[in-house]
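Below is one structure, written out as structure tokens; the observations come after it.
Numbering (the working numbering), first residue to last: 33 to 134.
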């Protein structure tokens, strides 16, 4: 009996390595939820010929990664006195800042 994985091993390994790299990058991405599960799926699709003497085997390797979390920021809209237009100025919030006076 022929082992399909052995026949297509190099190509499957390359596809799997590529998806594993994507998965690791996604895990290290600070803009994704670290607790969200990720998946790598290997599908084998078999398409026999009409005379049933041959079969085409298609190997698909796909990853399901965590989606990026939403990011919010706030801007102040200010009038630009130079040209009469408007300018967006990001409002930086400094959280946890304590001010101590001696």
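Quick reminder that beta carbons are idealized off the backbone N, C-alpha and C, glycines included.
Look at the alpha carbon of residue 93 and the alpha carbon of residue 105, and state the distance between them as a whole number of angstroms.
One C-alpha to the other measures close to 37 Å.
8 Å contact criterion, which residue 91 and residue 44 should meet: CB distance rounded
At roughly 6 Å, the Cβ-Cβ gap stays under 8 Å, so residue 91 and residue 44 are in contact.
Do residue 101 and residue 110 come within 7 Å of each other at the CB atom, strictly closer than that value?
Between residue 110 and residue 101, the C-beta gap is not smaller than 7 Å, which leaves the two residues out of contact.
According to the Cβ coordinates, are residue 55 and residue 70 closer than 7 Å?
Their beta carbons are under 7 Å apart, which means residue 55 touches residue 70 by this criterion.
Can you tell me whether residue 68 is buried or exposed? The criterion is at least 16 other CB atoms within 10 Å of its CB, across all chains shown.
Result: exposed.
Distance, Cα to Cα, residue 89 vs residue 79?
For residue 89 and residue 79, the distance between alpha carbons rounds to 7 Å.
For residue 95, which option in 42, 51, 116 has the closest C-alpha, if you only look at C-alpha atoms?
If you compare the alpha carbons of 42, 51, 116 with that of residue 95, the shortest gap goes to 51.
Using a Cβ-Cβ cutoff of less than 7 Å, which residues in the same chain neighbour residue 135 once the five nearest sequence positions on both sides are dropped?
The chain is shown from 33 up to 134; residue 135 falls before or after that span and cannot be answered.
Helix, strand or coil, according to DSSP, for residue 57 in the structure here?
Three-state result, residue 57: helix.
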